[in-house]
Amino acid sequence: MNNKKLKRSLLSVSALSLIALAGCSSDDSSSEQADNSNSEGGVSGELEVQYFVGGYGDEWWKSTIEAFKEEYPDVEVIEHSGPNINEEMKTRWISNDPPDVVYIDGNGANETQMINDGQLMDLSDWASDLTFEGDTPLMESFISPAQEVDGAVYSLPLVFDTWGAWYDSAWFEAEGWEVPEDFDSWLASMKTIQSDAGIEPFITTGQYPQYFQRGVLNPAFAAAGGEELLNNLSNGVVEAWESDEALEIMKKVQEIVDAGLIDEGFAARSHTQTQMNFLMHETAYIPVGFWLPNEMANDTPEDFKYGFIPTPMNDSGDAMALVPDIRPVAIAKEAENPEAAKAFVEFMFSEERAQAFAESTGAIMNLKGVDLSANENVPEFLKGINDLINNPGTIEIYNRAQPTGEEMEIAVEITNEVKARSVDILMGKITAEEFVKAMADKSRELRGE
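FYI, in mature numbering (1 follows the signal peptide of the UniProt record, and there is no 0) the residues of the sequence shown are -22 to -1, 1 to 427.
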C-alpha cells in the first residue's frame, strides 16, 4: 500500500471512530444533521480525472474543472489528459491503482472491456437519485439512454457524438444547390454539383474506412431496418446480411460509385487530407462526426459555413437516421475518493456545463431540453441539429447496442471486414451483391455455421 492510500485508510478509520462515538451521545436529529453536513460540505481531498483529448480539445474539461474547484475548494483535482492518455494510464488500471474518474473515449478505451474486467463502479443506485436542473430525473434526461449491462449502469452517457454528411452551406446558398433530405435527392444533388463545379462531390478517407461505415452505412442500415437490422448486421447475424434491406443499401452505394461521384484518390487519403480537400471545395460532401469544425478550426476559410445533415441514405418519405457514438464518463471501482468523484460527475450534468460544452466543442452533451437557440457562441448548424434531436419526427435516433463476451469478439471481426469491403466497393472492385455475400460468408465463418 502506498503512502497516500495508507494515509487515507488511517483517516477513514479515525473518521469512523469519531462517528461511532458521536452516535453514542447524539439523538436522531443530530445524526441527520451530521449526515447532511457530510454530504453537502464534506467533499475534499485529491481527485484524479482521466480524459482523452481529441477533436473536441480540452477547453471544456479545463473550464469544468475550474468551476468545480470553485464550488468544492477543498478538492485538489489532478488531471491526466492528452491524445495518448489511455495508453499512458494503462499500467495504473492494470495494477488496480486507477484515477477516480475516467472519460471513456479515444484509442485504447473500451467500456465493455473495462466492465468485463471489473474496473468500473456500479452507479445504478446512486445515479437513480440524481436530477437534471432540480426536477427531472437525470436518467430520464438523456437523449440516448444510459447503457445497462446485466441490469447495472456502469457509466453515464456524457457526449452525444454522431456522424453525418457535412457541406458548406454558404457555398450551397450561393450556387442555389438544395440540401437533400433522402437518397434520391442526395444523388441528384451530387450529380448537379458534379456538373456545375466540375468536381467529384463525395469524399471519405480510405485510410480510416470506419468513417464511411459509421458516417454512411450505419445510418443507412438503421433507416432501412431500425435498431434490429443495425445491430444484427454489426454483430454478424448471417440472415441480416442475406436480407433484402442490406442488399438495397449496398446497391445505393454502388449507384454512387457507378455515377463517378466519389473522389478518385480517396483510398490513399487520411481523414485530415480529405477534410482539407473538403474545405477547399475540391469535394462537397464528407461523412465525419460532430468534431469536424473544432478539429479544422485553424484551417477553415473565413467564408466557409459548416452545414450538417444526417446522412441522407433514407428512402423518400422516411425519417433521416442518426446513430450516435456516445462518449461516457465513469467512476473507477477502486476509486480512492469516490465521494469527490460522484460530486464531479454530477457537477458535469447541468444546463450551464451543457451550454459551455456546445460553445467550446461545437458538439452537444447527451441531454434533452437544452435550449441553444439564444446562445450566440454556438454555431448555427449545431443549433439546428439540436432542435431536430429535441423535436423528433424529421429524424430518428437509433442506438447501437454494445455486445459482450463472444458477441463482442464477433462484432470486432465484422467491423474489420466491413471496413475492408467498404474500400473495395467504393473503388469499384466489387458489386453490392459481392459485398453482402462476403459479409454473410464472414458471419457464417465466425459463428461456425
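Cβ atoms here follow ideal geometry from the backbone N, Cα and C, with glycine treated the same way.
Distance CB(residue i)-CB(residue j) smaller than 8 angstroms
{"i": "residue 252", "j": "residue 183", "result": "yes"}
{"i": "residue 342", "j": "residue 288", "result": "no"}
{"i": "residue 197", "j": "residue 300", "result": "yes"}
{"i": "residue 307", "j": "residue 133", "result": "yes"}
{"i": "residue 397", "j": "residue 185", "result": "no"}
{"i": "residue 344", "j": "residue 304", "result": "yes"}
{"i": "residue 177", "j": "residue 262", "result": "yes"}
{"i": "residue 382", "j": "residue 94", "result": "yes"}
{"i": "residue 172", "j": "residue 403", "result": "no"}
{"i": "residue 421", "j": "residue 216", "result": "yes"}
{"i": "residue 53", "j": "residue 318", "result": "yes"}
{"i": "residue 121", "j": "residue 180", "result": "no"}
{"i": "residue 209", "j": "residue 416", "result": "no"}
{"i": "residue 164", "j": "residue 290", "result": "yes"}
{"i": "residue 330", "j": "residue 353", "result": "no"}
{"i": "residue 201", "j": "residue 292", "result": "yes"}
{"i": "residue 212", "j": "residue 389", "result": "yes"}
Euclidean distance between Cα positions of residue i and residue j
{"i": "residue 295", "j": "residue 142", "result": "19 angstroms"}
{"i": "residue 230", "j": "residue 297", "result": "17 angstroms"}
{"i": "residue 387", "j": "residue 376", "result": "22 angstroms"}
{"i": "residue 399", "j": "residue 257", "result": "27 angstroms"}
{"i": "residue 78", "j": "residue 41", "result": "19 angstroms"}
{"i": "residue 69", "j": "residue 104", "result": "28 angstroms"}
{"i": "residue 61", "j": "residue 250", "result": "16 angstroms"}
{"i": "residue 246", "j": "residue 85", "result": "21 angstroms"}
{"i": "residue 46", "j": "residue 323", "result": "10 angstroms"}
{"i": "residue 10", "j": "residue 320", "result": "Residue confidence is low: residue 10 scores 35 on pLDDT, short of 50, so the model does not pin down where it sits. Its coordinate-derived value is still stated next. Going by the C-alpha atoms only, they are around 21 angstroms apart."}
{"i": "residue 429", "j": "residue 222", "result": "Because residue 429 is not part of the residues shown, which for the chain are -22 to 427, the question remains open."}
{"i": "residue 17", "j": "residue 349", "result": "With a pLDDT of 37 at residue 17, under the threshold of 50, the modelled position of that residue is not reliable, and the figure given next carries that caveat. C-alpha separation (whole angstroms): 31 angstroms."}
{"i": "residue 43", "j": "residue 55", "result": "7 angstroms"}
{"i": "residue 507", "j": "residue 125", "result": "Nothing can be reported for residue 507: it is not among the residues displayed for the chain, which extend from -22 to 427."}
{"i": "residue 48", "j": "residue 24", "result": "15 angstroms"}
{"i": "residue 136", "j": "residue 332", "result": "10 angstroms"}
{"i": "residue 242", "j": "residue 401", "result": "12 angstroms"}
{"i": "residue 110", "j": "residue 123", "result": "14 angstroms"}
{"i": "residue 255", "j": "residue 272", "result": "16 angstroms"}
{"i": "residue 113", "j": "residue 119", "result": "10 angstroms"}
{"i": "residue 366", "j": "residue 423", "result": "41 angstroms"}
{"i": "residue 239", "j": "residue 51", "result": "57 angstroms"}
Range of the contiguous beta strand (DSSP E) that encloses residue i
{"i": "residue 119", "result": "Run containing residue 119: none; DSSP gives neither H nor E here."}
{"i": "residue 264", "result": "264 to 267"}
{"i": "residue 146", "result": "134 to 146"}
{"i": "residue 421", "result": "It is not in any beta strand (DSSP E) - residue 421 instead sits in the alpha helix (DSSP H) that spans 410 to 424."}
{"i": "residue 244", "result": "Careful: residue 244 lies outside any beta strand (DSSP E) and carries neither H nor E."}
{"i": "residue 57", "result": "53 to 60"}
{"i": "residue 375", "result": "373 to 375"}
{"i": "residue 312", "result": "First-last for residue 312: undefined, no H or E at that position."}
Same chain, Cβ closer than 8 angstroms to residue i, five either side skipped, listed in chain order
{"i": "residue 157", "result": "145, 147, 150, 167, 285 and 287"}
{"i": "residue 414", "result": "219, 220, 224, 225 and 228"}
{"i": "residue 58", "result": "26, 27, 28, 29, 66, 67 and 77"}
{"i": "residue 108", "result": "115, 116, 117, 324 and 327"}
{"i": "residue 435", "result": "With the chain covering -22 to 427 only, the question about residue 435 has no answer from this structure."}
{"i": "residue 6", "result": "Note on residue 6: pLDDT 40, under 50, position unreliable in the model; the coordinate value appears next. None."}
Nearest to residue i (by Cα), restricted to the options the options
{"i": "residue 131", "options": "242, 51, 96 and 265", "result": "96"}
{"i": "residue 311", "options": "212, 56 and 75", "result": "75"}
{"i": "residue 356", "options": "370, 339 and 244", "result": "339"}
{"i": "residue 161", "options": "281, 199, 32 and 276", "result": "199"}
{"i": "residue 87", "options": "32, 127, 395 and 20", "result": "32"}
{"i": "residue 302", "options": "205, 241, 240 and 319", "result": "205"}
{"i": "residue 127", "options": "113, 278, 92 and 394", "result": "92"}
{"i": "residue 368", "options": "351, 379 and 378", "result": "351"}
{"i": "residue 140", "options": "390, 363, 424 and 43", "result": "363"}
{"i": "residue 34", "options": "169, 274 and 293", "result": "274"}
{"i": "residue 313", "options": "83, 82, 72 and 98", "result": "98"}
Nonlocal neighbours in the same chain, by C-beta distance under 6 angstroms from residue i, ignoring five residues either side
{"i": "residue 407", "result": "none"}
{"i": "residue 392", "result": "214"}
{"i": "residue 335", "result": "38 and 343"}
{"i": "residue 428", "result": "There is simply no residue 428 to check, as the chain begins at -22 and stops at 427 in what is shown."}
Proximal residues to residue i (C-beta, below 7 angstroms), its chain only, five neighbours per side dropped
{"i": "residue 412", "result": "none"}
{"i": "residue 189", "result": "182, 183, 249, 265 and 266"}
{"i": "residue 170", "result": "155"}
Limits of the unbroken alpha helix (DSSP H) element including residue i
{"i": "residue 303", "result": "Element bounds for residue 303: not the alpha helix (DSSP H) but the beta strand (DSSP E), 302 to 309."}
{"i": "residue 362", "result": "358 to 368"}
{"i": "residue 221", "result": "Counting along the chain, residue 221 falls outside any alpha helix (DSSP H), and DSSP gives it neither H nor E."}
{"i": "residue 322", "result": "316 to 326"}
{"i": "residue 203", "result": "196 to 212"}
{"i": "residue 383", "result": "383 to 404"}
{"i": "residue 335", "result": "329 to 339"}
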